[in-house]
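When we follow the numbering used here, the leftmost residue of the sequence shown carries the number 108, and every step to the right adds one. Virtual Cβ for every residue (Gly too), placed ideally from N, Cα, C. Below is one structure, written out as structure tokens; the observations come after it.
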Amino acid sequence: TLRANAARNIDASVSPTGALTAEEVLVEGHSWGELDDPFSVANKHAFDRVFVADCLWMPWQHANLHKSIACFLRDGPDARCWVVAGFHTGRPKMRGFFDEAALAEAGLEIERIWERDCDGVEREWVWDRGIEDVTIRKRWLVCGVLRRKA
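In structure tokens, the structure reads:
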């Protein structure tokens with residue numbers, strides 16, 4: 108289960124440094140954009156790091172995901188949301204998540220964005236690379252760091 112995997116991943120005996128870097132890790136289910144449930148209300152602006160992994164393949168949910176990130180991300184200059192997603196479903200489906208106007212509507216902005224392949228090669232993020240070979244594009248991810256809009 109997700110909780111068992113998270114618990115295993117914070118076990119100090121398997122940590123590369125041999126020590127815990129966090130005393131507590133919270134794993135909780137959430138429906139994007141639904142911000143009136145007890146968990147969302149209790150944790151509004153509670154997290155200095157929010158991680159979004161491979162969640163951009165449903166363009167009709169981007170605005171809801173923006174709302175959830177804005178809800179949970181702590182107010183303050185050091186809070187960040189890390190977004191990582193593969194291009195396996197195609198760039199057009201996921202790129203709208205990074206639309207500056209849509210992010211601004213949620214009070215967010217891009218601090219940094221780039222692309223990285225499975226071998227660690229990095230390149231500049233671009234909105235459109237034309238027709239991308241499906242085999243090649245599956246090797247690439249978009250990596251983005253969001254912060255609260257200044």
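Can you tell me where the beta strand (DSSP E) with Ala131 in it begins and where it stops? Note on residue identity: the sequence assigns Glu, not Ala, to residue 131. Counting along the chain, Glu131 falls outside any beta strand (DSSP E), and DSSP gives it neither H nor E.
Quick one: is Cys188 buried, meaning 16 or more other Cβ sit within 10 Å of its Cβ, or exposed? buried
Integer-rounded CB distance, given that Ile220 should sit under 8 Å from Trp232: 4 Å
So is Val190 buried or exposed if we call it buried at 16+ other beta carbons inside 10 Å? buried
Pop quiz: Ile176 and Ala213 are said to be a contact at Cβ under 8 Å. What is the actual Cβ separation, rounded to whole angstroms? 7 Å
So if DSSP puts Gly193 in a beta bridge, which residue, or which two residues, is it bridged to? Leu248
Which parts of the stretch 128-179 are runs of the alpha helix (DSSP H), unbroken and 4 residues or longer, counting only runs that do not cross its ends? 145-149 and 169-179
Between which two residues does the alpha helix (DSSP H) containing Glu229 stretch? Run containing Glu229: none in the alpha helix (DSSP H); it sits in the beta strand (DSSP E), Glu229 to Glu231.
For Arg246, which option in Arg198, Pro184, Glu131 and Glu141 has the closest C-alpha, if you only look at C-alpha atoms? Arg198
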